[in-house]
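Trainee:
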Amino acid sequence: MNNGLILVVNTGSSSLKFSLFRTGGDVLQQDVRGQIDGVGSQPRLMVKDHAGSTLVERDFADTEVREIKDAIALVGTWLRDQFEGESLLAVGHRVVHGGTEFSRPVRVDAPVFNALEKLIPLAPLHQPHNLAAIRAVRETQPEMPQVACFDTAFHRSHPQLADIYALPWEYYETGIRRYGFHGLSYEYIAAALPQTAPEIANGRVIVAHLGSGASLCALRDGKSQDSTMGFSPLDGIPMGTRPGGIDPGVLLYLAGQRGMSSAALEKLLYKDSGLLGLSGLSNDMRMLLENHAPRAQLAVDYFVHRIAKEIGSLAAVLGGVDGLVFTAGIGENSAVIRARIVGACAWLGMTLAADANQNSEPCITTADSMVSAWVVPTNEELMIANHTHALITRIQQAKTDTGGSAP
Ligand code: AMP
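Per our numbering, residue 18 is the first one in the sequence shown, and the count goes up by one each step.
1. In its own chain, which residues sit with a C-beta less than 8 Å from the C-beta of S174, not counting the 5 before and 5 after it?
2. Given 7 Å as the limit, tell me if M302 has its C-beta closer than that to any heavy atom belonging to the ligand AMP.
3. What residue range does the alpha helix (DSSP H) around G294 cover?
4. For N308 versus L298, is the C-beta spacing smaller than 8 Å?
5. Bridge partners for G340 per DSSP, in chain order?
6. Can you give the beta carbon distance from Y205 to E378, rounded, assuming they're within the 8 Å contact cut?
7. Measuring from the CB of N219, is there a heavy atom of the ligand AMP at a distance below 7 Å?
8. Would you say A345 touches the ligand AMP, meaning its beta carbon is less than 7 Å from a heavy atom?
9. From A313 to L306, what distance separates their C-alpha atoms?
10. Name the DSSP bridge partner or partners of N13?
11. If we call anything under 8 Å between Cβ atoms a contact, is L62 one with G51?
12. Closer than 7 Å to a non-hydrogen atom of the ligand AMP - does that hold for the CB of G257?
13. Please state whether the Cβ-Cβ distance between V154 and V123 is less than 8 Å.
14. So, is A88 buried or exposed, given that buried needs 16 or more other C-beta atoms within 10 angstroms?
15. If I137 sits next to P145, beta carbons under 8 Å apart, how far is it from one beta carbon to the other, in whole angstroms?
16. Who are the near neighbours of V317 in its chain, counting only those whose CB is closer than 6 Å to its CB and skipping five residues on each side?
17. Excluding sequence positions up to five away, which residues of its chain have a Cβ less than 6 Å from the Cβ of L251?
18. Cα-Cα, which of A235, A231 and D238 is closest to S249?
19. Let me know if K34 comes out buried or exposed under the rule of 16 or more other beta-carbons within 10 Å of its beta-carbon.
20. Quick one: grab the DSSP three-state call for Q46.
21. In angstroms with no decimal places, state the Cα-to-Cα distance between L133 and W364.
22. Am I right that P60 and E74 are in contact with their C-beta atoms under 8 Å? What's the rounded C-beta distance?
23. What is the residue span of the beta strand (DSSP E) that T71 lies within?
24. For the beta strand (DSSP E) containing S232, name the first residue and the last one.
25. Given the structure, does N350 come close to the ligand AMP, in the sense that its CB is under 7 Å from one of the ligand's heavy atoms?
26. How big is the Cα-Cα spacing for F130 and G21?
27. Rounded to whole angstroms, what's the CA-CA distance from E463 to Y182? Just pull it up for me.
28. So, at 7 Å on beta carbons, what are the nonlocal neighbours of I217 in its own chain, with the 5 sequence-adjacent residues on each side left out?
29. Excluding the five sequence neighbours on either side, which residues of its own chain have a C-beta within less than 7 Å of the C-beta of L335, listed in chain order?
30. In this structure, what does DSSP give as the bridge partners for R111?
31. S343 to S202, Cα distance in whole Å?
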């Protein structure tokens, strides 16, 4: 495989994040990262170099970037200008749902694309945007290898008990399963632990991915055993705007007695709840921590309470716990939240090292803490870039081995 560039794309409903990685060394090197926000409303392109210095900050008219395919075209034009003469080897995409079929990254050809489209009903708010980016690249550069990396894939090997709901069996067989999400983040952490925290890497670890979306994952020997998200990314712990686990009876009541439509329930559960709903102020943890309003404090208390409760539950699944890992926006940056969660886990034998926690050092528990706690920054983009590079290299190798006839 020649040296070149790997583009990683992560699309939301009105945003497109991208990162460019350079192949050639022992490990892939991130070159630039950027995003286009406000697609269809107030489009804005921002690009930073690997050191975080701003390279571009530019607003566009809403008519110039109406939809994701316009955003892809814009990124393509910028990259071609900026990296003239260099070759783009492949595009790797974050795709939220791989269903039961895709338990590892896959090169997207026409049959795979059709299969991914069939999964839209399982993730109607995310999958269509992920696929829009793939489609846009296929239309303009049909020969460009594209790789889909799934948020669900890492959990596909979890035990069957972690995969089911106690519903009649035919529901399971038609796809009503506990898929789990944030898999690319957990996979990155599992891969990083042997270097960062070798003493727990092969043990029983609970990873707390605490960002605007949030979940926990129980790992044994680096493999997913269970996680707090299930059929959808709604279950589990509270998030910026999602409530986490909620008695399904509440939803039956709201639909049956208060006449809420499924669209209204969807908005309630995805956009209006969680830290935002409880506080009535913000979905941003930083703002809530700085705010002394009683409901801001209540939202933070509830966040910590539910996480501590789920840690207990996953500790039971693992039959004990050797380490707790914090990652993502809140987990990596908020010493206050980490201290409160570790404090709530004192019963498990966890003792905070206050200074280490304040400095976000990798290990934030004392040397004699029976269970250790860690801060490990996640890097989902690098995970996607690595998967993409590995897959296209394997395909290229197979082609060479078979004289060019391999798929
Ligand atoms: P992510 O989705 O991983 O980008 O995480 C976003 C969340 O991280 C938001 O709720 C932010 O408020 C939160 N966050 C980022 N930095 C901090 C910080 N220093 N303290 C508390 N929360 C933070």
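C-beta atoms are modelled at their ideal positions from N, C-alpha and C, and glycine is treated no differently. Model, not experiment: these values are computed from the prediction.
Mentor: Quick answer:
1. S120, K240 and S241
2. yes
3. G291 to S296
4. yes
5. V222 and S389
6. Contact doesn't hold; Cβ gap of about 19 Å is too wide.
7. no
8. yes
9. 7 Å
10. Look at the range of the chain in this structure, 18 to 424, and you will see that residue 13 is not part of it.
11. yes
12. yes
13. no
14. buried
15. 6 Å
16. L305
17. R259 and L286
18. A231
19. buried
20. strand
21. 44 Å
22. Actually they are not in contact, since the Cβ atoms of P60 and E74 sit about 12 Å apart, beyond 8 Å.
23. T71 to D76
24. A231 to R237
25. yes
26. 25 Å
27. What the structure shows of the chain is the stretch from 18 to 424, and residue 463 is not part of that stretch, so it cannot be assessed.
28. L210, D339, G340 and S389
29. R221, A235, R237 and Q242
30. C166
31. A small correction: the amino acid at residue 343 is Phe; Ser does not occupy that position in the sequence shown. C-alpha separation (whole angstroms): 11 Å.
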